[in-house]
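Asks: In the numbering used here, each residue carries its 1-based index in the sequence shown increased by 20. Glycine included, every Cβ here is placed at the ideal spot set by N, Cα and C. A quick note: this is a predicted structure, and the numbers were derived from the prediction, not measured.
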Amino acid sequence: MKTYIKFLGKTFLSSFFYVSLIMFSLIFILNLLSELDFFKDINVNSYYPVYLSLLNSPTFIFEMFPFIFLISTQLFFITLFNNDQFSIFKYSGLKNSKILSIISITSFILGILIITFFYSFSSNLKNFYLDLKTNYTSDGKYLAVITKNGLWIKDVVDDKILIINSVKIDKNYLIDAYISEFNKDFEIKRNIVSPKINISNKNWIIFDAEVFNKNEKQKIKNLEMNTNFDYLIIQNLFSNLSSLSILELFELRRNYKSLNYSLIEIDIQLLKLLSLPIYLMLMTIFSSIIMLSTKEIKSSILKISIGLFFSVVIYYLFNFFNVLGKTEKINLFSSVLIPIILLITVNSFMIRRFNEK
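#1: Between the beta-carbon of Asn185 and the beta-carbon of Tyr198, is there less than 8 Å?
#2: Identify the residues that DSSP records as bridge partners of Met43: which are they?
#3: Between which residues of its own chain and Leu72 is the CB-CB distance below 7 Å, once the five residues before and five after are set aside?
#4: Report the CB separation of Leu290 from Leu269 in whole angstroms; it is logged as a contact under 8 Å.
#5: Assuming contact is defined by CB atoms lying nearer than 8 Å, are Phe227 and Arg210 in contact in what I supplied?
#6: Just checking my contact of Phe59 with Tyr67 at CB under 8 Å: how many whole Å lie between their CB atoms?
#7: So what's Arg210 in DSSP terms, helix, strand or just coil?
#8: Taking just the CA atoms, how far does Gly345 sit from Ile217?
#9: Is the CB-CB distance between Ser127 and Thr304 below 8 Å?
#10: Quick check: what's the CA-CA separation for Asn102 versus Ile371?
#11: Short check: CB of Ser92 to CB of Phe137, under 8 Å?
#12: Apart from the five residues just before and just after Trp172, which ones in its own chain have a Cβ nearer than 6 Å to its Cβ?
#13: If I'm right that Lys188 touches Ile195 with Cβ under 8 Å, what's the distance once you round it to whole angstroms?
#14: Taking the DSSP output, what are the residues bridged to Lys239?
#15: Leaving out the 5 sequence neighbours to the left and right, which residues in its chain are closer than 7 Å to Phe85 when beta-carbon positions are compared?
#16: Would you kindly report the start and end of the unbroken alpha helix (DSSP H) that includes Glu83?
#17: Can you tell which of Ile225, Glu201 and Gln255 has its C-alpha closest to the C-alpha of Lys191?
#18: Would Asn51 and Ser77 be called neighbours here (beta carbons separated by less than 8 Å)?
#19: Alpha helix (DSSP H) containing Asn116: first to last residue?
#20: Considering Asn185, what are the terminal residues of the beta strand (DSSP E) in which it resides?
#21: Compute the distance between the beta-carbons of Thr79 and Asp175, then report whether it is under 8 Å.
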């Protein structure tokens, strides 16, 4: 490997790790303040909020990577400008496009490593964090999971414990549901079988219910049951996909499909993960163009401010198309690909005179 490639790669990685460390510190402090506020009326060990903050921070770092790559690229160029390295490269015949290609490839490889290793690491920590935090939330006694056997719900209402299983979800209805009702000592009170349950609100309507109480069977056309769940609550319970690794996301997708549950959220999450290396590489190219286009500006803070302004615009552009995809206004692939194509177009337009800078 040529010496200048090693030098540029090492300088870029140093900038990346430096910016990542600063971001992690800031995110950790914000998380810690949030955890301290949450536990202010709960008796826990003093280290516990710190521990939870450490567990939760990597997930936020993952979400911040586009900004981290942009600022890292800016810091990389500031280092080269301050050390007058560009003059040396220029006299050596090294073009700006070559420098750009080196750090772009480095960004792409980093992106692959991030989704392969860091994302799995952060999602495992997030999952552990949620398990620990649930013990201190008011809804810790409630549970809903999706497995290959359908939807399972545990609910506690008026000293009654409900275990609910449904084969499918069809909009606001549970299909082919089985409900076991226990008392607080987990002694069975009755079982209910129904082909269809309306869960549009917390007062469920169980159609054509067959109620088994001891050795007796009773049929009730419309049986009402109060619960702590409705369709929206159940849907939101599975919205925190950042706690699942890529393999777990694919497994959950299979379970969603068998349950007839909406795949939109999980498909967008998978597409975002798979496209992340390209997104990070494009952010590196975009930041490089900004730095070389503003080379005459002496203030580094102003340069970084310009980059951050455009990165926020890009961030909200990506989120806007994600929302369009989630609400099915546009195709899911389009919701992920359109902002990437727009960023490629902008970079291509600006890069035409890159070597003239």
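Replies: Let's see:
#1: In this structure, the beta-carbon distance from Asn185 to Tyr198 falls below 8 Å.
#2: According to DSSP, which records beta bridges pairwise, Met43 is partnered with nothing at all.
#3: The residues are Glu55, Tyr149, Leu152 and Lys153.
#4: About 6 Å separates the two Cβ atoms, so the contact holds.
#5: Against a cut-off of 8 Å, the Cβ pair of Arg210 and Phe227 comes out as no contact.
#6: The pair is not a contact, with the Cβ atoms about 11 Å apart (cut-off 8 Å).
#7: Arg210 falls in the strand class under three-state DSSP.
#8: One C-alpha to the other measures close to 29 Å.
#9: Yes.
#10: In a straight line, the C-alpha of Asn102 is about 23 Å away from that of Ile371.
#11: In this structure, Ser92 keeps its C-beta atom at 8 Å or more from the C-beta atom of Phe137.
#12: If we look at Trp172 and ignore the five residues flanking it on each side, its Cβ neighbours are Val165 and Asn185.
#13: Yes, Lys188 and Ile195 are in contact; Cβ-Cβ is about 4 Å, under 8 Å.
#14: Answer is Glu230, bridged to Lys239.
#15: Once the five neighbours on either side are set aside, the close Cβ partners of Phe85 are Ile134 and Leu300.
#16: Start and end: Tyr68 to Asn102.
#17: When each option's Cα is compared against that of Lys191, the closest is Gln255.
#18: In contact: Asn51 and Ser77 (Cβ atoms closer than 8 Å).
#19: Where Asn116 is concerned, the enclosing alpha helix (DSSP H) starts and stops at Asn116 to Leu133.
#20: Element bounds for Asn185: Lys180 to Asp190.
#21: No. Outside cutoff.
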